[in-house]
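A.B. asks:
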Amino acid sequence: MSATKHAYAMGYAFVSEAKIEDSLYENIKLIKNYNVRGAPFRIYKEKATGVLYISYRWFEGSTLNPLAALHGIERTNKRFYKIEEPDFEIITSYAAAIGDLSGLTHHNLTMEDIESKFDTYWPLEDDRWFACNLTANWKSRKVVRQIVSIVIDSFPWETHQGLFIDDFVYNTTAQIYNDNYGGEGTYASWSDGQLDLVSTITKYARNTDFTGQQEPTAIFANIWNPTQSSVLKTKSVWYADNTLRLDHYYYEKGGFQSQAPNGVVPGTNEPAYVDPMNPTGAYIPANKISLDDVYAFNNTLSDRKDNYNKDQHFDQHLDACGTAGLNGAWFGWYGEDGVDLEHQENRIYTNDLQLLRAIPNWDNIAGVDVPDFNAPSSTDERRWNGEEYKSIYSFASADVISSLNPLNNELYIVFRSLDGTVQLPSGKQIETAYFVNELFEKTSENALPAMDMTNGTIQLKTNYINRLHTGIRISFRVNAALNPPSNLLVVDG
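Okay, so the sequence shown: first residue is 71 according to our numbering, each after it adds one.
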């Protein structure tokens, strides 16, 4: 339930886990993940015996797998089953075959066949198992039609207000040997089938007459990297020509000094991620994209190696915060980024990283003007020089991070060194100041004695050096919207 508490503390709209049943959190919405690359099952080989198993996957919370039920068998999600004839038929129909399947049966099927005759990905291995996913057969019109029907029938429309389209980046031009499974015809390409799948689900989700809900269901998508060729040739073109425009896109790949937009929305100076070879025909606006931190920063689960470096992770967060902030993009939570995630029994997402993630979002919500792309001006309300991000409400550097939350008019601060100095909004008087816990929730610990307040600035007192990296939330006596200071909210000492 930590995600719900952190979402409330920072003003996030969606969580992917079950919410805490409390009226305090009633405005937080739920979102579900659906992967649109893979077939909804995973293949496992038991190393000791060589026996193959299938594990069906579908939406969290569902029990019996609807695809298996459609084919007359009962399979509980996420359990392992030895592959029998009906399972074999599902595998050879719904997974994209890149080799001739003639002669294969469920009796003679091996993992070598799976890897050589199907488009596989995401291999994982431990002492007992080897496993992989299989790319879905989106060239088959019957496969797409049936999966669309299953998604629409099984998605919990009454409880979830968001659908996250995962892995919306992959494309294959390989020959698909089973592309006419079911005899209903084929799509011209695998990506055309995927487009039909996502478009049909999206149209349904946005139609409140279909879902029975008061508002359209929000559709998010993970496109991995908006400057990657497979995205520029498909998803960016679909956005540009209005074939498919989703509500939000995630730049999951992350990276350091590599996530900046590379162009503009045609006819404007607004930042965008564009195809340099086709800038008017393939683009996604920066204000539709959330940046992320370095993907798989800790590879322990996949390769047993511990590559995590806290200092590098902070630098990357600061870079993503500044890049997103300058360009009107967002900084999202996705995938491996659970707020409870630990490394060597220490929390990874400490208060400083949490606040860096919130800053671009709060500046966007507050309506801070986004500068023209690649045309800095002395009057810009947002600035980023690679080391410091400054806006009329926020500041972020290696020494201090500070931002005004427009949703509750509280000032959030994390001092990272005793040199960090925060300037108060003009004409406002502090009412309360409290240290926060690991989720940025207020504690009962008064932070006023820890702060040296002189000439409208705040600095952490030297005898509170042990509270560096601990967040502070400040409320003000005046309930009206806060005014920014005459220069910038923060002066870095």
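For each residue, glycine too, the CB sits at the ideal point set by N, CA and C. For clarity, every value in this text was computed on a predicted model and none was experimentally measured.
1) Contact defined as beta carbons within less than 8 Å: I believe VAL438 pairs with GLU451. What is the distance between those atoms, to the nearest angstrom?
2) With a threshold of 6 Å on Cβ separation, who are the neighbours of GLU501 within its own chain once the five nearest residues in sequence on each side are excluded?
3) Please give me, in chain order, every unbroken run of the alpha helix (DSSP H) with length at least 4 that falls completely inside the segment 139 to 218.
4) Hey, could you find the ends of the beta strand (DSSP E) THR527 is sitting in?
5) Helix, strand or coil for MET521 per DSSP?
6) Quick check on the burial criterion: 16 or more other C-beta atoms within 10 angstroms. Buried or exposed for ASN292?
7) Whole angstroms are fine: how far does the CA of ASN250 sit from the CA of GLY81?
8) DSSP state of VAL492, grouped into three classes?
9) Rounded to whole angstroms, what is the Cα-Cα separation between ILE161 and PRO136?
10) On the three-state DSSP scale, how would you describe LEU425?
11) Would you decide whether LEU371 is buried or exposed? Buried here means 16 or more other CB atoms lie within 10 Å of its CB.
12) Measuring alpha carbon to alpha carbon, tell me which of GLN414, GLU412, ASP433 and ASN478 ends up nearest ASN397.
13) For the segment 285 to 300 against the segment 232 to 247, are there 3 or more C-beta pairs whose distance is under 8 Å?
14) Could you pull the start and end residues of the alpha helix (DSSP H) that LEU388 belongs to?
15) Would you mind stating whether LEU100 and THR272 have Cβ atoms separated by less than 8 Å?
16) May I ask you to list the residues that DSSP assigns as paired with ASN103?
17) Using 8 Å as the threshold, is the segment 478 to 498 in touch with the segment 528 to 541, meaning 3 or more CB pairs across them?
18) Using three-state DSSP, classify PHE225 as helix, strand or coil.
19) If I follow the unbroken beta strand (DSSP E) through TYR320, where does it start and stop?
20) Between THR313 and ILE246, what straight-line distance do the alpha-carbon atoms span, to the nearest angstrom?
21) Kindly provide the ranges of any beta strand (DSSP E) runs that are 3 or more residues long and lie completely inside the segment 281 to 350, ordered along the chain.
22) Once the 5 residues before and after ASN105 are set aside, which same chain residues still bring their CB inside 7 Å of it?
23) Quick check on the burial criterion: 16 or more other C-beta atoms within 10 angstroms. Buried or exposed for ASN306?
24) Looking at C-alpha atoms only, which residue of GLY408, ALA201, PRO110 and ARG112 is the closest neighbour of ALA73?
25) Report all residues from its chain with a CB closer than 6 Å to the CB of VAL561; omit the five preceding and five following residues, and keep chain order.
26) Going by DSSP, what residue range makes up the beta strand (DSSP E) through ARG276?
27) How far does the beta strand (DSSP E) with THR513 in it extend, from its first residue to its last?
28) State the DSSP-derived secondary structure class of LEU137, mapped to helix, strand or coil.
29) At what residues does the alpha helix (DSSP H) containing TYR257 begin and finish?
30) Out of LEU477, GLN529, VAL484 and CYS391, which has the shortest C-alpha to C-alpha gap to SER461?
31) Restricting to Cα atoms, I'd like to know which of SER299, GLU195, PRO495 and PHE225 is closest to THR242.
32) Quick check: the Cα distance between VAL344 and GLY395, rounded to an integer number of angstroms?
C.D. replies: Let me spell this out:
1) Start at 1 with the first residue of the sequence shown, and residue 438 comes out as number 368. Start at 1 with the first residue of the sequence shown, and residue 451 comes out as number 381. Yes, VAL438 and GLU451 are in contact; Cβ-Cβ is about 5 Å, under 8 Å.
2) If you number the sequence shown from 1, residue 501 lands on position 431. Cβ within range, chain order: SER545, PHE546 and ARG547.
3) The segment 139 to 218 is shown to contain whole alpha helix (DSSP H) runs of 4 or more residues at 155 to 164 and 181 to 187, in chain order.
4) Stepping through the sequence shown from its first residue, residue 527 is reached at position 457. From DSSP, the beta strand (DSSP E) with THR527 extends over 527 to 530.
5) Mapped onto the sequence shown, residue 521 falls at position 451. Looking at MET521 - three-state DSSP - the assignment turns out to be strand.
6) Within the sequence shown, numbered from 1, the residue matching residue 292 stands at position 222. It is buried - the Cβ of ASN292 has at least 16 other Cβ atoms within 10 Å.
7) Here residue 81 is taken as the residue at index 11 of the sequence shown, counted from 1. Here residue 250 is taken as the residue at index 180 of the sequence shown, counted from 1. If I take the Cα positions, the gap works out to 47 Å.
8) To locate residue 492, count along the sequence shown from 1; it is residue 422. Looking at VAL492 - three-state DSSP - the assignment turns out to be strand.
9) As a first step, residue 161 is located in the sequence shown; it is residue number 91 there, counting from the start. As a first step, residue 136 is located in the sequence shown; it is residue number 66 there, counting from the start. Their Cα atoms are separated by approximately 15 Å.
10) Here the question's residue 425 lines up with position 355 in the sequence shown. If DSSP states are grouped into helix, strand and coil, LEU425 belongs with the helices.
11) Locating residue 371 in the sequence shown gives position 301, counting from the first residue. Low per-residue confidence applies at LEU371: pLDDT is 48, beneath 50, and the placement is therefore not dependable, though the value from the model is reported in the following sentence. Looking at its Cβ environment, which holds fewer than 16 other Cβ atoms inside 10 Å, LEU371 is exposed.
12) Residue mapping note: residue 397 aligns to position 327 of the sequence shown, counting from 1. Of the candidates GLN414, GLU412, ASP433 and ASN478, the one whose C-alpha sits nearest the C-alpha of ASN397 is ASP433.
13) yes
14) If you number the sequence shown from 1, residue 388 lands on position 318. Bounds of the alpha helix (DSSP H) holding LEU388 are 380 to 397.
15) In the sequence shown, residue 100 corresponds to position 30, counting from 1. In the sequence shown, residue 272 corresponds to position 202, counting from 1. Cβ atoms of LEU100 and THR272: not closer than 8 Å.
16) Taking the sequence shown and counting its residues from 1, one reaches residue 103 at position 33. Beta-bridge pairing links ASN103 to PHE234.
17) Contact between the segment 478 to 498 and the segment 528 to 541 is present: 3 or more CB-CB pairs across the two stretches fall below 8 Å.
18) As a first step, residue 225 is located in the sequence shown; it is residue number 155 there, counting from the start. Coil.
19) The residue you call residue 320 lines up with position 250 of the sequence shown. Where TYR320 is concerned, the enclosing beta strand (DSSP E) stretches over 318 to 320.
20) One-based indexing of the sequence shown puts residue 313 at position 243. One-based indexing of the sequence shown puts residue 246 at position 176. For THR313 and ILE246, the distance between alpha carbons rounds to 25 Å.
21) Entirely contained in the segment 281 to 350, the beta strand (DSSP E) runs reaching 3 residues are, in chain order, 288 to 292, 318 to 320 and 341 to 344.
22) Here the question's residue 105 lines up with position 35 in the sequence shown. Once the five neighbours on either side are set aside, the close Cβ partners of ASN105 are ASP236 and ASP237.
23) Position 236 of the sequence shown, counted from the first residue, corresponds to residue 306. Residue identity check: residue 306 is Ser in the sequence provided, not Asn. Buried: at least 16 other Cβ atoms inside 10 Å.
24) Translated into positions along the sequence shown, residue 73 becomes position 3. It is GLY408.
25) Here residue 561 corresponds to residue number 491 of the sequence shown, with the count starting at 1. Bear in mind that the predicted position of VAL561 carries a pLDDT of just 29, short of 50, making it unreliable; the figure below should be weighed with that in mind. Counting only Cβ-Cβ distances below 6 Å, and skipping sequence neighbours, we find THR491 and GLN493.
26) Position 206 of the sequence shown, counted from the start, is the residue given in the question as residue 276. ARG276 -> not in any beta strand (DSSP E); alpha helix (DSSP H) instead, spanning 260 to 276.
27) The residue you call residue 513 lines up with position 443 of the sequence shown. Element bounds for THR513: 512 to 516.
28) Counting from 1 along the sequence shown, the entry for residue 137 is found at position 67. Helix at LEU137.
29) As a first step, residue 257 must be located in the sequence shown, where it is residue number 187. Element bounds for TYR257: n/a, residue is neither H nor E.
30) Along the sequence shown, read from residue 1 onward, the residue named residue 461 stands at position 391. Of LEU477, GLN529, VAL484 and CYS391, the residue nearest in Cα terms is CYS391.
31) For the purposes of this step, residue 242 is identified with residue 172 of the sequence shown, where counting begins at 1. For the residues SER299, GLU195, PRO495 and PHE225, the minimum Cα distance to THR242 belongs to SER299.
32) The residue given as residue 344 occupies position 274 in the sequence shown. The residue given as residue 395 occupies position 325 in the sequence shown. Taking the straight line joining both Cα atoms gives about 19 Å.
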